[in-house]
Amino acid sequence: MFGEMGGCTLAALLPGCTSIGPTRLDRDQLDYARVMAEAGKRQTLFNLVRMRYGEPPAFLAIRQVVSGYTMQGTLQAGVNAYPQASTSTFGTLLGTAQYTDRPTFTLNPVTGEQFVEAYLRPFAPADVLPLIQGGIPVDLLFRLIAQSIGSLQNIHPLGGPNRSGSPEFLQLLSWLSKLQEGGALRVRLHRHKDQTRVYVALDTRRSAGLRSLAARVFELLSLDPALPEVEVIYGAAQDQQRVREIPVLTRSLLNVLYAIAAEIELPDEDVRARRAPPTLLEPGNPRPSIVVRSAPSQPARSYVSVLVGDTWYWVEDTDYPSKLAFTILELLKSIAEGTRGSAPPVLTIPTG
């Protein structure tokens, strides 16, 4: 006679949903920032090369980056016990784990009104001159964004053989650079209601050696040296109404890009095949703002590199002046796209 078989079952269900955001924030924030910066640099260099060959640029803006992480775990334990048949007693342990990474990127082509606002409208002096106070070299900044300062003309990037500017333009930038290095160049913003005005002061009280340099700047720009500061306005020399104003005819971002692209040296075979005109360098300033190299193979190390057609183009990692100019160009892009772009689209993120 078989004995009575009894059974009992013990089961435990341990579900869990763990948020791992805090542990990933430090690493992912840095990773996304690095990738976005590198992607922006490559897009800029890609467009510069295309423009050098007479092709239209294409701009794609990253509007939003949303990254969602979920880790789910389930643990199930059970014991099947048979008192009259102890050898048949056994236990079970089952577990599952699921990790989900759902990054969402919102990319917008910059076209239409956004393109006009960001790339075709000249920079307002009040938007870019604060960069000087932030430590950006004044000579490099004005060389990129100013078509003229007072009556002094910068080079015209698309002017062909007649592209030369005023000989005194680069001299003025050199003097301003020395004043900035000596701590005498100051920039001040004045906001009143919806209007922002920008003023420049040459404070040489702490350095007598810079006073003669400041006097030459005032004389070259037809300014009253007794003034404590002068206002920088947008416009050409004929727009100057008072001796307390410096008219600066600023370029648009697209014009800045064309000016840099015009200085890129191309492979000789492309010039001979008339895919693009030869590079015209300024006799008084032979070095381009950004020196771009080219070769059939990818460089082992570079600040930024991009493949266009069958040729690699790059900026040397050891070329600090070019890297600095490229950084300023990226800052100008951020100013143009950030202050004039449209609001980002509304993005719905699932929470389940």
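Position in the sequence shown counted from 1, then plus 173, gives you my numbering. Glycine included, C-beta positions come from ideal geometry on N, C-alpha and C. Please read all numbers here as calculations on a predicted model, not as lab measurements.
- Shortest Cα-Cα distance from lysine 506 to any of Ser380, Leu314 and Leu426 involves Leu426.
- Look at serine 324 here: in three-state DSSP terms it is coil, with no helix or strand label.
- By the CB criterion at 7 Å, aspartate 312 and leucine 346 fall inside the cutoff.
- Excluding its 5 nearest sequence neighbours in each direction, aspartate 300 has C-beta neighbours in its own chain below 6 Å: Ile508, listed in chain order.
- A contact between stretches requires three or more CB pairs, one per stretch, nearer than 8 Å, and the segment 281–289 fails this requirement with the segment 386–406.
- In this structure, the beta-carbon distance from arginine 417 to leucine 400 falls below 7 Å.
- Secondary structure of proline 298 (DSSP, three-state): helix.
- Runs of the beta strand (DSSP E) lying entirely within the segment 354–392 and spanning at least 3 residues, in chain order: 358–365 and 368–375.
- At the C-beta level, serine 478 and tryptophan 487 come within 7 Å of one another.
- Contact between leucine 293 and alanine 434 is absent: CB atoms are separated by about 16 Å, not below the 8 Å threshold.
- The three-state secondary structure of arginine 207, taken from DSSP, is helix.
- For tyrosine 431, the three-state secondary structure derived from DSSP is helix.
- Shown here for serine 350: same chain residues with a beta carbon closer than 8 Å to its own, the five before and five after excluded, namely Pro310, Val311 and Asp312 in chain order.
- Excluding sequence positions up to five before and after tryptophan 348, its CB lies within less than 7 Å of the CB of Leu386, Arg389 and Val390, all in the same chain and listed in chain order.
- Note on geometry: alpha-carbon atoms of valine 405 and alanine 446 lie some 45 Å from one another.
- Under a 10 Å Cβ-count criterion, methionine 224 is classified as buried, with 16 or more other Cβ atoms of the shown protein chains found around its own Cβ.
- Around leucine 439, the same chain offers Ala449 as residues with beta carbons nearer than 6 Å, after the five sequence neighbours per side are excluded.
- For alanine 291, the three-state secondary structure derived from DSSP is helix.
- By the Cβ-count criterion, arginine 364 is exposed, with fewer than 16 other Cβ atoms from all chains shown falling within 10 Å of its own Cβ.
- Excluding the 5 residues flanking it on each side, phenylalanine 232 has same chain C-beta neighbours closer than 6 Å at Val283, in chain order.
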